[in-house]
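K.L.:
I'd like to ask you about the structure that follows.
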Amino acid sequence: MSETALRGSSLSILDSLSVLRPASGALQRKVVTELLLTALVDAFSILVIFLLMSFSSTGEILFVGRSMELPKSNQAGVLERYPVVKVERGQIFLEDQLVPAGRLEAALMELHRKLFETQGGQDNPGILTIQADRRSKYDELNQVVVAAGRVGFNELRFAVLMGSADEETP
Amino acid sequence: MSRQARHLDFDLNLVPFIDLLSTCICFLLMTAVWTQIGSLAAGQSVGDASAADAEKKPRIWVQLEDRGTVQFEVQDARVSKDLEKFQVEARQGRLNLVGVEAALRRIRAQDQNVTTAMIQPRASSVYEELVDLMGRFKKHGVGNLGVSPL
Numbered sequence: 008m009s010e011t012a013l014r015g016s017s018l019s020i021l022d023s024l025s026v027l028r029p030a031s032g033a034l035q036r037k038v039v040t041e042l043l044l045t046a047l048v049d050a051f052s053i054l055v056i057f058l059l060m061s062f063s064s065t066g067e068i069l070f071v072g073r074s075m076e077l078p079k080s081n082q083a084g085v086l087e088r089y090p091v092v093k094v095e096r097g098q099i100f101l102e103d104q105l106v107p108a109g110r111l112e113a114a115l116m117e118l119h120r121k122l123f124e125t126q127g128g129q130d131n132p133g134i135l136t137i138q139a140d141r142r143s144k145y146d147e148l149n150q151v152v153v154a155a156g157r158v159g160f161n162e163l164r165f166a167v168l169m170g171s172a173d174e175e176t177p
Numbered sequence: 006m007s008r009q010a011r012h013l014d015f016d017l018n019l020v021p022f023i024d025l026l027s028t029c030i031c032f033l034l035m036t037a038v039w040t041q042i043g044s045l046a047a048g049q050s051v052g053d054a055s056a057a058d059a060e061k062k063p064r065i066w067v068q069l070e071d072r073g074t075v076q077f078e079v080q081d082a083r084v085s086k087d088l089e090k091f092q093v094e095a096r097q098g099r100l101n102l103v104g105v106e107a108a109l110r111r112i113r114a115q116d117q118n119v120t121t122a123m124i125q126p127r128a129s130s131v132y133e134e135l136v137d138l139m140g141r142f143k144k145h146g147v148g149n150l151g152v153s154p155l
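Chains X and U are the protein sequences, given in the same order. The numbering of the first sequence is this note's numbering, which starts it at 8 and goes up by one. The numbering of the second sequence is this note's numbering, which starts it at 6 and goes up by one.
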């Protein structure tokens, strides 16, 4: 339909796009197609509800790189925000800062002192989160366990993926 | 009457509503966290004051041997003689978690007060196996776990 023809009629350009006018005489009648928006709105609403329910407002406490696979456990508790020590490819990171070999205890001591100061002189709960690859040997984690114990982090939280690692048992 | 009814009938403009929903979906999809990370709690089994205080509490000492064998030693608990010290043999070179669970079931059936376990891994112990083992203990009510350094 040309624009001049449209001007004469009551249809706007947009309206004409939803009206099909076949050229042949037999089919020369208006076929108005309407998009059913109700179904679309329904689907969108369900999606929004699902995403809102699975939305985590606490943010990501741990950053897990591609090279790291956390072990799975279905007995895990909620991950809370405590100082994180990451063991990755033989290197140790405290709060994402690389700690040189043999300096972990001093770094943890410094962190312990900072926590004491920032919490208004109150002793921190002495909890440390350990993040390591599932294939790591305990030898790599041992230095973290030893240093944490010496400094005063008496409780360790091993970061795991919430999953069903217990499937094979009857 | 029919005229009035026609007058009340109106079209709800769904376009802004769809816009809003689309924006919500985009935001939620971008900020969604798909991997659920949790934590398994464990104490320090040596040098911890709380462990020293609870010296007489029933507890299990678990030693992870090379090749997946697990040594159990149950202390200060009312269990039969055969459960005081025993080992669970490995299965295909790995931890026999089914055997560990069976042993834990037997221990807990005889003494419900056994809720503490100290795990002593080897340098060669795989972290995943340690976590698996801790998970089995927690599953069977032994939730007060400690991990000892080498």
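In this text, a Cβ means the ideal position worked out from N, Cα and C, and glycines have one as well. Here the structure is a predicted model, which means the values were calculated and not measured.
Closest to L47 (chain X) by C-alpha separation, out of U:N118, U:H145 and U:L26, would be which residue?
P.N.:
Among U:N118, U:H145 and U:L26, the Cα nearest to that of L47 (chain X) is on U:L26.
K.L.:
Please name the residue, chosen from U:K90, U:L33 and U:S130, that lies closest to S52 (chain X) on a Cα-to-Cα basis.
P.N.:
Residue U:L33 is the option with its Cα nearest to S52 (chain X).
K.L.:
At the level of alpha carbons, what is the spacing between A50 (chain X) and T28 (chain U)?
P.N.:
Distance between the alpha carbons of A50 (chain X) and T28 (chain U) is about 14 Å.
K.L.:
Hey, which unbroken runs of the beta strand (DSSP E) at 3 residues or more fall wholly within the region 95 to 149 of chain X?
P.N.:
As far as the region 95 to 149 of chain X is concerned, its whole beta strand (DSSP E) runs of at least 3 residues are 98 to 101, 104 to 106 and 134 to 139.
K.L.:
Jot down the residue ranges of each uninterrupted alpha helix (DSSP H) in the region 116 to 153 of chain U, minimum 4 residues, whole runs only, in chain order.
P.N.:
Whole alpha helix (DSSP H) segments, 4+ residues: 132 to 144.
K.L.:
Thinking just about the alpha-carbon of each residue, which of X:A108, X:R141, X:L54 and X:F123 is nearest to the one in L77 (chain X)?
P.N.:
Measuring from the Cα of L77 (chain X), the nearest candidate turns out to be X:R141.
K.L.:
Would Q186 (chain X) count as contacting chain U if we go by Cβ distances under 7 Å?
P.N.:
The structure shown does not extend to residue 186 (chain X), since chain X spans only 8 to 177, so no value can be given for it.
K.L.:
Whose C-alpha, out of U:R110, U:Q68 and U:A47, is nearest the C-alpha of A95 (chain U)?
P.N.:
Comparing Cα-Cα distances from A95 (chain U) to each of U:R110, U:Q68 and U:A47, the minimum goes to U:Q68.
K.L.:
Closer than 8 Å between beta carbons: that is the criterion. Which residues of the region 120 to 148 of chain U meet it against chain X?
P.N.:
Against chain X - using a Cβ distance shorter than 8 Å - the residues of the region 120 to 148 of chain U are P126, R127, A128, S129, S130, V131, Y132, E133, L135, V136, D137, M139, G140, R141, K143 and K144.
K.L.:
Would you kindly report the start and end of the unbroken alpha helix (DSSP H) that includes F91 (chain U)?
P.N.:
Taken as a continuous stretch (DSSP letters only), F91 (chain U) belongs to no alpha helix (DSSP H), being part of the beta strand (DSSP E) at K90 to V93.
K.L.:
Measuring CA to CA, which of U:I30, U:R83, U:F77 and U:T74 is closest to M60 (chain X)?
P.N.:
Nearest C-alpha to M60 (chain X): U:I30.
K.L.:
Out of curiosity, what's the CA-to-CA distance linking A83 (chain X) and H145 (chain U)?
P.N.:
The alpha-carbon atoms of A83 (chain X) and H145 (chain U) are separated by roughly 14 Å.
K.L.:
Please state the DSSP three-state secondary structure of F32 (chain U).
P.N.:
Helix at F32 (chain U).
K.L.:
Could you have a look at E87 (chain X) and say whether DSSP puts it in helix, strand or coil?
P.N.:
The answer is coil: DSSP assigns E87 (chain X) none of H, G, I, E or B.
K.L.:
List, in chain order, every chain X residue whose beta-carbon is nearer than 8 Å to that of P154 (chain U).
P.N.:
Chain X residues near P154 (chain U): N149, V152, V153 and G156.
K.L.:
Can you pull out the residues from the region 71 to 86 of chain U whose beta carbon lies closer than 8 Å to at least one beta carbon of chain X?
P.N.:
The region 71 to 86 of chain U vs chain X, Cβ under 8 Å: nothing.
K.L.:
Compute the distance between the beta-carbons of K79 (chain X) and Q138 (chain X), then report whether it is under 7 Å.
P.N.:
For K79 (chain X) and Q138 (chain X), no; Cβs fall outside 7 Å.
K.L.:
Counting only C-beta atoms, is T176 (chain X) closer than 7 Å to chain U at any point?
P.N.:
Low local confidence applies: a pLDDT of 44 at T176 (chain X) is under 50, so the model's placement there is unreliable, with the coordinate-based value given in what follows. Yes - at least one Cβ of chain U is within 7 Å of the one on T176 (chain X).
K.L.:
Could you pull the start and end residues of the alpha helix (DSSP H) that F70 (chain X) belongs to?
P.N.:
Here F70 (chain X) belongs to no alpha helix (DSSP H), and DSSP marks it neither H nor E.
K.L.:
Work out the CA separation of R157 (chain X) and L163 (chain X) for me, nearest whole Å.
P.N.:
One C-alpha to the other measures close to 13 Å.
K.L.:
Counting only beta-carbon atoms, is G52 (chain U) nearer than 7 Å to chain X?
P.N.:
For G52 (chain U), the pLDDT reaches just 48, beneath the cut-off of 50, and the residue's location in the model is therefore unreliable, leaving the point undetermined.
K.L.:
Here's a check: name, in chain order, each residue in its chain whose Cβ is nearer than 7 Å to the Cβ of R83 (chain U), leaving out the five neighbours to either side.
P.N.:
If we look at R83 (chain U) and ignore the five residues flanking it on each side, its Cβ neighbours are Q115 and D116.
K.L.:
Rounded to the nearest angstrom, what separates F165 (chain X) and A47 (chain U) at their Cα positions?
P.N.:
Looking at the two C-alpha atoms, the distance is approximately 8 Å.
K.L.:
Taking DSSP's pairing of strands, which residues face I42 (chain U) in a bridge?
P.N.:
Its beta-bridge partners are X:L168.
K.L.:
Rounded to the nearest angstrom, what separates D53 (chain U) and F77 (chain U) at their Cα positions?
P.N.:
In this prediction, D53 (chain U) has a pLDDT of 49, which is less than 50 and means its spatial position is unreliable; nothing more can be read from the coordinates.
K.L.:
Give me the Cβ distance between V147 (chain U) and A107 (chain U), rounded to the nearest whole Å; I'm assuming they're in contact under 8 Å.
P.N.:
That belief does not hold up - the Cβ atoms of V147 (chain U) and A107 (chain U) are roughly 14 Å apart, past 8 Å.
K.L.:
Can you grab the Cα-Cα spacing for the pair V91 (chain X) / F70 (chain X), in whole Å?
P.N.:
Roughly 10 Å between the two C-alpha positions.
K.L.:
Residues of chain X with a CB under 9 Å from the CB of C29 (chain U): which are they?
P.N.:
Those are F51, L54, V55, L58 and L59, listed as they occur along chain X.
K.L.:
Report the rounded CA-to-CA distance for S143 (chain X) versus R111 (chain U), giving the unit in angstroms.
P.N.:
Their backbone Cα atoms lie some 31 Å apart in a straight line.
K.L.:
Using a threshold of 7 Å, state whether the C-beta atoms of R96 (chain X) and I68 (chain X) are closer than that.
P.N.:
No, they are not a contact pair.
K.L.:
Specify the secondary structure class of E78 (chain U) as computed by DSSP and reduced to three states.
P.N.:
Looking at E78 (chain U) - three-state DSSP - the assignment turns out to be strand.
K.L.:
Rounded to whole angstroms, what's the CA-CA distance from D87 (chain U) to T136 (chain X)? Just pull it up for me.
P.N.:
Spanning the two alpha carbons is a distance of roughly 37 Å.
K.L.:
Any Cβ of chain U within less than 7 Å of the Cβ of M169 (chain X)?
P.N.:
Chain U, which has a Cβ nearer than 7 Å to the Cβ of M169 (chain X), makes this yes.
K.L.:
What do you get for G160 (chain X), buried or exposed, if any count of 16 or more other CB atoms within 10 angstroms of its CB means buried?
P.N.:
One detail in the question is off: residue 160 (chain X) reads as Phe in this sequence, not Gly. Under this definition F160 (chain X) is a buried residue.
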